[in-house]
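Let me begin by presenting the structure, written as structure tokens, before commenting on it.
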Amino acid sequence: MSLQDFQRALSDLVMSPGLRSRVAEAPAAGLAGYELSDQEHRRLAALARDPGLRTGTVIHRASRLSMLSNTIPRTCRVLGSRGLKELVHAYWSEHPPQSMLYVQEARRFADYAFARLAAGTFANPFLREVLEMELETLVLSRADGAWEPGENREIPERPRLHPFCRVVAFRHDPDVVIRTLDAGRPLDGVAAEERFLLLSAAGGGRVNLRQIPVEQGRVLAVCDGRRAANEVCALAGVAQEVLRAVVAAGLVV
Amino acid sequence: MTTDRIADLPKLGVGLSYQGTLQGFVLDNLASFDFLEVIPDVFWVDQGRGTPGIAERYRENRDSMAYLARVAEQRPVICHSVGLSIGSADYFDTAHVEQIAGWQARFGFPWHSDHLSFNRLEHASGHAIDVGVTMPVPYDEAVLDLLCERVDHVQATVPVPFLLENNVYYFSIPEQEMGEAEFLNRLTARTGCGLLLDLHNVYTNGRNHGFDPRELLDRLDLTRVVEIHLGGGMEMDGTYLDAHSGPCPPEVWTLLAEILPRTPNVCGVVFEMFGNYFPSVGPEPLRQELRRAREILDRRA
């Protein structure tokens, strides 16, 4: 138990500068939660004052941040350095790192960010749509095949979006948002308007993005394979011709 | 017996450490290296402990595996894992060892390696966590016993020699019962495992902790060294980082030239660079590092 707790305490000291300060100031109180031998206690108390531990923290954080910057880079740009720092530090303090799996970490961060947006404790008008787009891109980039346009077919009884496609609802023009982010410019002034982005797996890890008409986006967004065709159209508030068009395009199975 | 296994290993030559951004470079520059070293863990998604079945737990990426199979037809592939966390006190991941054994059967690598550190452990919340840092283990008798038992298990499960890499550390655990060289020597002597000597780690530790790398190298049993790692680093706030960020420092090339005549069982010298630095460093400097490693290795031969 002792070595186990020593490693747990040492890891906590690396991950948490706050704990490090508390242990440096008052080792007995700071390490009270760990079962340690006297020697381990002395070692950790000394390490808490070792500037090398700060380097450990920097590497730990860089490693953890790189999981996000590699998987959801546009989300990081949407947040900007200040917003990213605020959200990421809050996320880290509540969610210890579970693995070095980049996609899993991006999903955990996304769940946290969506919860903060829903609770109103964090605000950014572009965050939800860009983060959803990047999460769906991650899913499709690992798809076991590619989407190909289909031929005209009958509307299925319970329409379902093609498994190699995703639709993301935007509240701004996605082309403008993506172009602006990629150019490193701020998103201020991008007008709010309902738009939909279609993502399709292109094979080999590639994902194609293109805007689709709003009515098509609305209907595809509710094609979940559980609702009947007429229910889908009613829910989306569109005529059956719109559903017929997306079926003809091979977007629905 | 195990010493013989190390002495009989094939001398592969110069290796390149694989990163995702090097996919194109690897295929376009096969002549610049003799083998490719891969971190197998990036080719699968680990569903976590408790997942029944090795194939279910380690879901391999089809495209990445197809790429690796293509490379393996042309160059030997060596596994250098980051997933064992052999120094973790709370658990030993035998499923990971089985997965490596499966890869060995598939790719036929003559040796494999991991790090002498811990990075995975159970958090107070009950979740398994990964610190993302190769955390040092205390060089104590009890830790040595723990490691020897685990190395024995690895060697019994994977039918080729196993190497452990000396760690880079930015803080030094006080009151250790032995020094790094003694610990490594006793570990390799007791288990018969090999040593992956990361010279850039030794250089980094020496620079940050104020000792001459030769002091450590002179005390190490260099006959246990099967593979050598080279890499570059950078200075940050007065600390030199093993950042794998570019060319190898001249001092490390000098160390390589000095120790090669004393490492009779070295089979490979690998250059490591993190993939995110490749776009700015570019292909020619990478080829230069590989050429330089080959020149020094050839001089020894």
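Taken in order, these protein sequences are the chains called A and B.
Be aware that the first sequence starts at 1, since it is given in my numbering, and climbs by one per residue.
Be aware that the second sequence starts at 1001, since it is given in my numbering, and climbs by one per residue.
Cβ coordinates follow ideal geometry from the N, Cα and C atoms, glycine included.
Interface partners of residue i on chain B, CB under 9 Å
i                : result
histidine 162(A) : Simply none; closest approach about 19 Å.
glutamine 216(A) : Here the premise fails: no neighbours, minimum Cβ distance about 30 Å.
serine 37(A)     : Neighbours of serine 37(A) on chain B: none; closest Cβ ~10 Å, over 9 Å.
Buried or exposed (CB count within 10 angstroms, at least 16 for buried), residue i
i                     : result
isoleucine 986(B)     : In this structure chain B extends from 1001 to 1301, so residue 986(B) is not present and cannot be described.
methionine 1065(B)    : exposed
methionine 1001(B)    : Caution is warranted here: a pLDDT of 43 is assigned to methionine 1001(B), below 50, making its placement in the model unreliable, and the coordinate value is therefore given only provisionally. Label assigned to methionine 1001(B): exposed.
leucine 1290(B)       : buried
arginine 77(A)        : buried
leucine 1027(B)       : exposed
isoleucine 1054(B)    : exposed
histidine 1209(B)     : exposed
glutamine 1074(B)     : exposed
leucine 10(A)         : buried
threonine 75(A)       : buried
proline 1224(B)       : Proline is not the amino acid found at residue 1224(B); the sequence shown has arginine there. Classification for arginine 1224(B): buried.
proline 1249(B)       : buried
phenylalanine 1278(B) : buried
histidine 1115(B)     : buried
threonine 1094(B)     : exposed
threonine 1188(B)     : buried
aspartate 1198(B)     : buried
glutamate 241(A)      : exposed
8 Å Cβ cut-off: residues of chain A touching residue i
i                     : result
asparagine 1061(B)    : Arg142
phenylalanine 1278(B) : Within 8 Å Cβ-Cβ: nothing; phenylalanine 1278(B) doesn't reach chain A, min ~13 Å.
Proximal chain B residues relative to residue i, where beta-carbon distance stays under 7 Å
i                 : result
methionine 100(A) : Asp1130 and Gly1132
threonine 55(A)   : Tyr1170 and Thr1239
leucine 10(A)     : Met1135
Contact belief for residue i with residue j at Cβ below 8 Å, rounded distance in angstroms
i                  : j                     : result
glycine 18(A)      : valine 1133(B)        : With a Cβ gap of about 18 Å, glycine 18(A) and valine 1133(B) do not count as contacting.
proline 1138(B)    : isoleucine 1173(B)    : 5 Å
glycine 52(A)      : tyrosine 1170(B)      : 4 Å
asparagine 1029(B) : arginine 1287(B)      : 6 Å
isoleucine 1100(B) : histidine 1112(B)     : 6 Å
alanine 22(A)      : alanine 1124(B)       : Just to set this straight, residue 22(A) is arginine in the shown sequence, not alanine. About 15 Å; that fails the 8 Å criterion.
proline 159(A)     : valine 252(A)         : 5 Å
leucine 1068(B)    : phenylalanine 1043(B) : 6 Å
leucine 243(A)     : alanine 229(A)        : 6 Å
threonine 1191(B)  : aspartate 1152(B)     : 6 Å
proline 125(A)     : arginine 185(A)       : With 8 Å as the limit, proline 125(A) and arginine 185(A) do not qualify as a contact, their Cβ atoms being about 16 Å apart.
N-terminal and C-terminal residue of the beta strand (DSSP E) that residue i is part of
i                  : result
leucine 1222(B)    : Run containing leucine 1222(B): none; DSSP gives neither H nor E here.
arginine 195(A)    : 192-203
tyrosine 1240(B)   : 1239-1241
glycine 1268(B)    : 1268-1272
arginine 171(A)    : 165-172
arginine 1059(B)   : 1058-1060
tryptophan 1044(B) : 1044-1046
serine 21(A)       : Element bounds for serine 21(A): not the beta strand (DSSP E) but the alpha helix (DSSP H), 17-25.
histidine 1080(B)  : 1077-1080
Short Cβ contact (9 Å threshold) for residue i with residue j
i                     : j                : result
phenylalanine 1035(B) : glycine 1013(B)  : yes
valine 232(A)         : cysteine 223(A)  : yes
arginine 20(A)        : leucine 31(A)    : no
glycine 205(A)        : arginine 142(A)  : yes
phenylalanine 6(A)    : alanine 1089(B)  : yes
leucine 68(A)         : glutamate 105(A) : yes
asparagine 1167(B)    : leucine 1009(B)  : no
leucine 1163(B)       : glycine 1194(B)  : yes
isoleucine 1039(B)    : tyrosine 1018(B) : yes
Beta-carbon neighbours of residue i, restricted to chain A and to distances below 7 Å
i                     : result
valine 1045(B)        : Leu101
phenylalanine 1092(B) : Those do not exist, as phenylalanine 1092(B) stays about 12 Å from chain A at its closest Cβ, beyond 7 Å.
Run of the alpha helix (DSSP H) containing residue i, from where it starts to where it stops
i                  : result
isoleucine 212(A)  : Counting along the chain, isoleucine 212(A) falls outside any alpha helix (DSSP H), though it belongs to the beta strand (DSSP E) covering 206-212.
arginine 1207(B)   : 1199-1209
histidine 1153(B)  : 1141-1157
serine 1113(B)     : Here serine 1113(B) belongs to no alpha helix (DSSP H); instead the beta strand (DSSP E) covers 1112-1115.
serine 66(A)       : 52-71
arginine 107(A)    : 102-119
glycine 1102(B)    : 1094-1107
isoleucine 1129(B) : Element bounds for isoleucine 1129(B): not the alpha helix (DSSP H) but the beta strand (DSSP E), 1128-1135.
methionine 1236(B) : Note, methionine 1236(B): premise wrong, no alpha helix (DSSP H); beta strand (DSSP E) at 1234-1236.
Neighbour list for residue i in chain A, Cβ cutoff strictly below 9 Å
i              : result
serine 1017(B) : Those within 9 Å of serine 1017(B) in chain A number zero; the least Cβ separation is about 17 Å.
Residue i: contacting residues in chain B (beta-carbon distance under 8 Å)
i               : result
alanine 46(A)   : Pro1174
leucine 84(A)   : In chain order: nothing, as chain B lies at least about 17 Å away.
proline 96(A)   : His1123, Ser1125, His1127 and Ile1129
histidine 60(A) : Val1131, Gly1132 and Val1133
arginine 43(A)  : Pro1138, Ile1173, Pro1174 and Glu1175
valine 14(A)    : Val1131, Val1133 and Met1135
Chain D within 9 Å of residue i, Cβ atoms only
i                 : result
threonine 1223(B) : Structure shown: chain D not included; protein chains present are A and B.
Any non-hydrogen atom of the ligand MG within 8 Å of residue i CB
i                 : result
threonine 1263(B) : Judged by which ligands are present, the structure shown has none, so any question about the ligand MG falls away.
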